[in-house]
Structures are given as structure tokens and as C-alpha cells.
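Residue numbers (the working numbering): 302 to 700. From the three backbone atoms N, C-alpha and C, an ideal C-beta is built for every residue, glycine too. For clarity, every value in this text was computed on a predicted model and none was experimentally measured. Structure first, commentary second.
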């Protein structure tokens, strides 16, 4: 008698997320541009590090190789149809799953997280990890913690969006694989978690990273010490801190979006790219990742200064601030109408000086903190200090 078997299609994470989170979200400071030049995809990505500095990463991947690697992921939807159980069909199905980076777990066909990381990390993630190390060394801040935090910010700032539900004959679980995230310009929680895991595998001990899957979310956890307010889990006598990379929020390591006990599945990642590549191929990838195709630079972060006129008269403002090159300059005169809020300047310094007055002189803001001469007039300025840990918009109210 022929035996038939029916596999259950796992309603996974991405399907549930389509119901809960449909919107595309992007931080204002982020820029992600992808162009095709000759035979390469050229990616220019601007994001903000955990100190508020703007980081500019230039990535360049071979187009044909990238397209082939993206095309590898996924399995035919026919894999979820009824089939006759024979040694031949089982062997064929196992081969299809392995080639598509999926695996069978009980009666479910799921994405093989370890396989995805091992296949894409040497080509896609290794160059990013090298740039992170380069940036931190140039800033004289290279440490395990800063490597983790900068990798988190790199992934968090990639725009958030849920991949389209699979409309073709190939089932991909609603996942954007690491190289695909850049070409599409966005990724959801599981897509970004796998990208982050691949990057971190070249920055710290790969065994220190695990994935935690909930019914509607996936988050990486990184081995570390618990401090007050940390969100963490214990596994085999080791403590792991949450590394929330979904974005567009930018929490630091150990900070969760929710402060409550939750139940989910732990997925340990076995990092072993040798399962896909020879030693010579891995050496070649390593050399390419350190080539001139991958470049990073840093722009010092700035505070955006806004002034608000809360009076009933026009106010005229003079500023004395540092510019991005840390040179002091005078900016005058800014006219603010009653009730108006205006963006007046950028500065990398937590301190700036200002003078403001109305035409009738009924309103006046000044002091003895600094004196300058402008248009043959001498002005006494008042000092203001911004008490922030990260570069943000700062608003000063007049009146």
C-alpha cells in the first residue's frame, strides 16, 4: 500500500508580522543608495553610530555572484503538497531543502538559520565587519562592546519593512537574505537578525550569538553580563543579552522593546562556512573583503539647533557656534516671527552662545559669557550647554 505524507506549512514569523506591522519605516538621518556600475552592485549607506556620528559605508559586490546567491534561497511550494513516501522521494526532498537553505523539523519545513548565515556571511557580512573594525580603530575605540553596538546600529538603521508574501512558485518564508536587504532597501526582524548574526560572527566569538524566535518576532541575543534593567536569557549556564536589531528604534545592547517575561524558541547558530566553501574560496573572500571596494568614513555628529519665539514681537537672533570643522563662527541675524520655530544652525559642540532682542528692545537675551564684535557693534552673549548623551535636535525657547 502506498503511504502518503502531508507536510504542514509553518505559518511563520513574517506572515504574522504582515498582519501586525505593514508599514515601511526609516530614520530621517539614514541614506541607502544602490547603483549598478559595470559588473557590480555599488551600495552607499549612511547611518548613525552609537555616539551620534554619521558613518558612511561604501560596499561593492559582484552583481552576477550576488544575483546567484539570492536565487539560491527558497524551496518550491510543491514541497508542501502531498507526496508518496519512498526512499527516492525522501532523498530528493532532503536535497531540495538543503540546496534552498531550509530544513525539516518534525512536520514543519523551516528556514535553516545556520545555513543562511554560513552561506552569505563570508561574502556579504565579512566586508562589513572589517569596516566596523577599521572605523573603531581609527576612533581609538575598538572593543568587544563597541563592535557589538556599532554592528547593531548598522543593522537597526536599515529601513524596516516586511518582505512581500511569496507570490511566485518559490517559497522563501518572507525573508530577505543578507545581500537582498541592501538591494531591496529594507528588511524585517528575522531578515535583519540574520544579517546582524553574520556580521557579528566576524567581530566576536560566533558561539556568543543566538537567535530567539517568538510567534511574531525574532531577535538576536549576545553573550554578556547582566546589569540593572537588562533583558536577557540563560542558556546552558550562560547569560545572553538582547540585541534588538529590527529598527527603526535604536536601543543599545540589553535593552528590550518590552519589559516582560516571554516564551519562545532558542536557535543556536553553528558558524561553519566550510559547509559551503573550500578553504581557498574562504581565503579569496577574505582578501576581497579587505580590498578597496569597501570603504568607510566618519562625519562627526552634530546637534541641530532650533529656536522658538514665544513672544508677541519679532525677535532677532545672533549665534556664535562651532561648525563641523570645529571652527567658531558668527551667524546673524535670524528673524523669528511671534510663535515661529526655526532651524538655525548645526554644531558638534554641546555649548554655543547667543544674543537675541526685539526691535523695540522690550525683549532681550544676552550676558557676559562671551563678547564678540559684529558689524562694528560689541555684543555680550549668553552661553547655553546641551545636556545630551547623543546628538539630537535641540530647541531653545525665547520668552
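Asked: Alpha-carbon to alpha-carbon, residue 647 and residue 663; Found: 28 Å
Asked: Exposed unless 16 or more other CB atoms sit within 10 angstroms - verdict on residue 450; Found: buried
Asked: Where the beta strand (DSSP E) containing residue 409 begins and where it ends; Found: 409-412
Asked: Run of the alpha helix (DSSP H) containing residue 436, from where it starts to where it stops; Found: 427-439
Asked: Close beta carbons around residue 494, own chain, < 7 Å, minus the five adjacent residues each side; Found: 512, 519, 520, 521 and 546
Asked: Within 8 Å, strictly: CB atoms of residue 331 and residue 356; Found: no
Asked: Whole alpha helix (DSSP H) elements within the region 621-662, 4-residue minimum; Found: none
Asked: Burial state of residue 659, where buried means 16 or more other Cβ atoms lie within 10 Å; Found: buried
Asked: C-beta atoms of residue 419 and residue 573 nearer than 8 Å; Found: yes
Asked: The region 449-464 contacting the region 479-493, beta-carbon criterion three pairs below 8 Å; Found: yes
Asked: Cα-Cα separation, residue 497 to residue 385; Found: 40 Å
Asked: Test item: CB-CB of residue 480 and residue 362 under 8 Å; Found: yes
Asked: Heavy atom of the ligand NAP within 7 Å of residue 697 beta-carbon; Found: Only the bare structure without any ligand can be found here, which leaves the ligand NAP out of the picture.
Asked: The region 604-621 in contact with the region 633-642 per 3-pair CB rule at 8 Å; Found: yes
Asked: Identity of the residue in 630, 379 and 476 nearest residue 655 by Cα; Found: 630
Asked: Under 8 Å between C-beta atoms of residue 473 and residue 595; Found: no
Asked: Residue span of the alpha helix (DSSP H) that contains residue 597, given as start and end; Found: Here residue 597 belongs to no alpha helix (DSSP H); instead the beta strand (DSSP E) covers 596-600.
Asked: Exposed unless 16 or more other CB atoms sit within 10 angstroms - verdict on residue 409; Found: exposed
Asked: Cross-strand partners of residue 457 (DSSP beta bridge); Found: In DSSP, residue 457 forms no bridge with anything.
Asked: Length-filtered (4 minimum) alpha helix (DSSP H) runs lying within the region 339-388; Found: 364-373
Asked: Beta-carbon gap between residue 354 and residue 599 smaller than 8 Å; Found: yes
Asked: Beta-carbon proximity list for residue 698, same chain, < 7 Å, skipping 5 on both sides; Found: 609 and 611
Asked: Neighbour-count burial assignment, residue 516, 16 or more Cβ in a 10 Å radius; Found: exposed
Asked: For residue 524 and residue 368, the rounded distance between their alpha carbons; Found: 34 Å
Asked: Run of the alpha helix (DSSP H) containing residue 496, from where it starts to where it stops; Found: 490-501
Asked: Proximal residues to residue 452 (C-beta, below 7 Å), its chain only, five neighbours per side dropped; Found: 433, 497, 500, 501 and 504
Asked: Same chain only: Cβ atoms within 6 Å of residue 344, ignoring 5 sequence neighbours per side; Found: 335, 360 and 483
Asked: DSSP three-state assignment for residue 447, whether helix, strand or coil; Found: helix
Asked: Backbone secondary structure at residue 566 - three-state DSSP; Found: strand
Asked: Identified DSSP bridge partners for residue 522; Found: 511 and 543
Asked: 8 Å contact criterion, which residue 543 and residue 557 should meet: CB distance rounded; Found: 5 Å
Asked: Same chain, Cβ closer than 6 Å to residue 457, neighbours up to 5 away in sequence not counted; Found: 546, 548 and 551
Asked: Residues of its chain near residue 317, where Cβ-Cβ distance is below 7 Å and the 5 sequence neighbours each way are ignored; Found: Its pLDDT being 31, under 50, residue 317 is placed unreliably by the model, and nothing is read from it.
Asked: Range covered by the alpha helix (DSSP H) that runs through residue 587; Found: 580-590
Asked: Contacting residues, own chain, Cβ-Cβ under 6 Å from residue 576 (five flanking each side not counted); Found: 419
Asked: Residue 332, DSSP secondary structure in three states; Found: strand
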